[in-house]
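In UniProt numbering, the protein residues as written are 1 to 610.
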C-alpha cells in the first residue's frame, strides 16, 4: 500500500515547511518508491507511493490540478467503464494512472463518486472551491485511514506509525482499546485505535472536513444493497463465475510478479487455478504459498491438508512453497512490530513468506480470505430463517439431506434442530448460558481490578457470530459478521504489515460486485443435497477436482497441532524476558498460561517498546 498523509490547519495559519518535511519523512519510514507532497498555506497533502500497477509509473502523486490536490492509494478495476463517462487526458488508458480516474470521478460526481468506483482505495481530495477535504475508503476497507481532529488541527495518515510522530497527535494509550483487544484478540470497535483521540475511518464510509465541521457518512452496508434478481440458480452460478474471473484478473494488473496463498479449500483453490491459467498465457508459473509445514515421510500423503494443495499444484503446474515457521520467527516479529502501529492481527505464517515475496519481485499476493464472511458464506442461518418463514416442507428436505450426509441417528437430528433452528431464535446474550453450549469461561486475572468491570461488560456484549449458531436470518448473520470488527482488523493489519516488504494483499472474494451478487442469492439456492455454498460450488465445479469440491475444508488438525507446539515454545521464550506486572496489566507466567500466548505476548512486547 501507499501512504497518504496530511495536515489541515482549521485556523487558517500556514504550516511551517520544517513541520511539513518532518511529517512527510516520518510517513516514509518504510522507504517507498517515491515521496512527494504539496504545501499550500494551511494545507499539507502528500503521499509515500508504492508502485504496483503498470500505470502507477506514469503518475506523480499527489495530483495537482486547478482547484484540486489529491493523494490516492488505489487500484481501480472498472477503468474501461469509467473512461466512457469521464474527462481524461488525451493519451492511451495504459498510460493513465488510477489516481487520475478517481480525481476525474470526483470532479464529475462529487462525493457520490465512491459508488462509481470498483476496486481497493483510500484517498483524500482537497477541494479549493469548497475549502474542504474529502476522504473515502472502498466499501470493505482494504486500506487503513487514521485521523486526529481538534479545533485547530486535522492530522491524518494511512500509516499510524508515521502520524504518531507529529507532536499534536495524542500519545496516551487508550486502556479501553487494550481491554477490548484482550477480550476479542482484535479491536471490535470499528472507529477506534489504541490511542486516545485518534480514530479510524471505517470501510464503506466517506468523510468531509472543513474549518468548522467533520461529517462521516456510510455509503455501503451489506444489508442496504440493491439486490440483483436473476431467473434461476444456474444464472447466479454463471454470473458468479464471470465476476470471480474478472476479480482475479483485475488484481493481477501489476508491473511486478504475482503469488498466491493456497490451502486446498474452496476459497483459495479457484483463485489459484484462475491465476495460474492467466500466468500460463505468458509462459509463467504461479508460486503458491501454503500455511503448512512440509509433509513428513511418516505422514499419510492422502490426508486432505497434504493432498489437496499437491493435487492442484500438479493440475496447474504451480510451484508449492511450504512453511518452516517456528517460535523464533514469531518472536522476532513481536520484537520488530508493534500492536499499536502495525495492526493487531498478526498472521505469523507471513513472517517467513514476506521476505521471500520481496526477494522474488512479488508485489501482489492473492488471498482467498474474506469469502467465508460474505461472498462464499456458508449460510449458517439458512435453517433458522427457513423456519421463521414457515417453509416447513423445504426446511425438512434440507435438514434431512444434511442429517443423512452426517450419518443419521436420532441424536444427530435433535442436535441439528437444537443448534440450527432453536438456538438462533433466542437473544444473543443468552448464548453462553444455554444447555449444550460450551463457551470458554473468561479469565481476567491479568487485568487490573479497576479495569475488570470493563472487560466483563465487553465480554457480556460479545458478538458470538463466529459460533455460527446465533443468527436467526441470513441478513442478520451478514450484518453481524460485517460489524464484528474482524474483517476490518485483518485487512488493515495485513496492509500495514505488508508495506514494510512492499507487498500488497489482494482479495478477489472481497470484490464489491462479487459480494453484492452473492448477497443477492435467494436462501433457497444456498443449500442443496446437504451441502452449503451450493451456488459457489457449482460456479467453480469445472476448476477443481471433485474431491475438493465435495471434500473436507474446515478441518486443519495437522496445522493446528503444529501451531500448538510452536505456542508452547513461544511461551517459554516470552517469559524469559517478561516483567511480572505493571500498573494495569500482569505479564506474569501465570497470566500467559491463562490467556492466548500470542495475544498477550504481542501486547507485552509492544508496551515494552512503547
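All C-beta atoms in this analysis are idealised placements derived from N, C-alpha and C, irrespective of residue type, glycine included. Predicted model only: the values in this text are computed from it and were never measured.
For the candidate residues 212, 18, 407 and 423, whose alpha-carbon lies nearest to that of residue 384?
-> By one-based count along the chain shown, residue 384 stands at place 384. Residue 423 is the option with its Cα nearest to residue 384.
Between residue 133 and residue 8, is the Cβ-Cβ spacing less than 7 Å?
-> If you number the chain shown from 1, residue 133 lands on position 133. If you number the chain shown from 1, residue 8 lands on position 8. Contact: yes.
Residues that DSSP places opposite residue 46 in a beta bridge = One-based indexing of the chain shown puts residue 46 at position 46. Partner(s): 5 and 37.
Anyone know if the C-beta pair for residue 471 and residue 365 falls short of 7 Å?
-> The residue given as residue 471 occupies position 471 in the chain shown. The residue given as residue 365 occupies position 365 in the chain shown. Against a cut-off of 7 Å, the Cβ pair of residue 365 and residue 471 comes out as no contact.
Cβ separation of residue 183 and residue 256, assumed to be a contact under 8 Å, to the nearest whole Å = Position 183 of the chain shown, counted from the first residue, corresponds to residue 183. Position 256 of the chain shown, counted from the first residue, corresponds to residue 256. Going by Cβ atoms, the distance from residue 183 to residue 256 rounds to 39 Å, so no, they are not a contact pair.
Please classify residue 115: does DSSP put it in a helix, a strand, or coil?
-> Numbered from 1 along the chain shown, position 115 holds the residue referred to as residue 115. Three-state DSSP puts residue 115 in a helix.
What is the DSSP secondary structure of residue 53, reduced to helix, strand or coil?
-> Here residue 53 corresponds to residue number 53 of the chain shown, with the count starting at 1. Coil.
Minimum C-alpha distance to residue 496 - residue among 137, 58 and 142 | As a first step, residue 496 must be located in the chain shown, where it is residue number 496. Residue 142 is the option with its Cα nearest to residue 496.
Residue 70, DSSP secondary structure in three states = Taking the chain shown and counting its residues from 1, one reaches residue 70 at position 70. Residue state, collapsed to three classes: strand.
Keeping to the same chain, check which residues put their C-beta closer than 7 Å to that of residue 322; ignore five residues upstream and five downstream.
-> Along the chain shown, one-based indexing puts residue 322 at 322. 290, 292, 293 and 294.
Which residues DSSP lists as bridging residue 134, in chain order | Mapped onto the chain shown, residue 134 falls at position 134. For residue 134, which the question treats as bridged, DSSP gives the partners 125 and 208.
Quickly, what does DSSP pair residue 259 with across the bridge? List them, please.
-> As a first step, residue 259 must be located in the chain shown, where it is residue number 259. Partner(s): 287 and 365.
Does the stretch 536-545 touch the stretch 392-411, meaning 3 or more C-beta pairs lie closer than 8 Å?
-> no
Compute the beta-carbon to beta-carbon distance between residue 489 and residue 302, rounded to the nearest angstrom, for a pair I have assumed lies under 8 Å.
-> If you number the chain shown from 1, residue 489 lands on position 489. If you number the chain shown from 1, residue 302 lands on position 302. About 36 Å separates the two Cβ atoms, so there is no contact after all.
Please work out which residues of its chain come closer than 8 Å, Cβ to Cβ, to residue 483, disregarding the five sequence neighbours upstream and downstream, and give them in chain order.
-> Residue 483 sits at position 483 when you count from the first residue of the chain shown. Contacts found: 190 and 463.
Segment limits, beta strand (DSSP E) that includes residue 489 | For this step, residue 489 is matched to residue 489 along the chain shown. Residue 489 -> not in any beta strand (DSSP E); alpha helix (DSSP H) instead, spanning 486-499.
Taking the DSSP output, what are the residues bridged to residue 504?
-> Position 504 of the chain shown, counting from 1, holds the residue named residue 504. Residue 504 is bridged to 364.
Cβ contact check for the stretch 170-187 and the stretch 44-53: 3 or more pairs under 8 Å = no
Would DSSP call residue 65 helix, strand or coil?
-> Locating residue 65 in the chain shown gives position 65, counting from the first residue. Three-state result, residue 65: strand.
Reducing DSSP to helix, strand and coil, say where residue 375 ends up.
-> Locating residue 375 in the chain shown gives position 375, where the first residue counts as 1. Here residue 375 sits in coil by DSSP.
For the alpha helix (DSSP H) that residue 615 lies in, which residues bound it at each end?
-> An answer regarding residue 615 cannot be provided, because it is not within the stretch 1 to 610 covered by the chain.
Using DSSP bridges, identify the partner residues of residue 157.
-> Taking the first residue of the chain shown as position 1, residue 157 is located at position 157. 5 and 146.
Examine the Cβ distances between the stretch 264-280 and the stretch 365-377 and report whether three or more of them are shorter than 8 Å.
-> yes
Secondary structure at residue 180, three-state DSSP: helix, strand or coil?
-> Numbered from its first residue, the chain shown carries residue 180 at position 180. Helix, per DSSP.
For the candidate residues 395, 222 and 337, whose alpha-carbon lies nearest to that of residue 517?
-> Position 517 of the chain shown, counted from the first residue, corresponds to residue 517. Checking every option, the nearest Cα to that of residue 517 belongs to 222.
Residues sharing a beta bridge with residue 215, DSSP | Counted from its first residue, the chain shown places residue 215 at position 215. Answer by DSSP bridge pairing, in chain order: 208.
Give a yes or no on whether the C-beta atoms belonging to residue 179 and residue 455 are separated by under 7 Å.
-> As a first step, residue 179 must be located in the chain shown, where it is residue number 179. As a first step, residue 455 must be located in the chain shown, where it is residue number 455. Yes, these two residues count as a Cβ contact at 7 Å.
How big is the Cα-Cα spacing for residue 276 and residue 532?
-> Numbered from 1 along the chain shown, position 276 holds the residue referred to as residue 276. Numbered from 1 along the chain shown, position 532 holds the residue referred to as residue 532. Approximately 27 Å, taken between the alpha carbons.
Secondary structure, alpha helix (DSSP H): runs of 4+ residues fully inside the stretch 386-433 = 392-405 and 410-417
Between the Cα of residue 357 and the Cα atoms of 499, 53 and 564, which residue gives the shortest distance?
-> Along the chain shown, read from residue 1 onward, the residue named residue 357 stands at position 357. Taking only the C-alpha atoms, the option nearest residue 357 is 499.
Between residue 35 and residue 339, is the Cβ-Cβ spacing less than 7 Å?
-> On the chain shown, residue 35 is found 35 positions in, with the first residue counted as 1. On the chain shown, residue 339 is found 339 positions in, with the first residue counted as 1. Contact: no.
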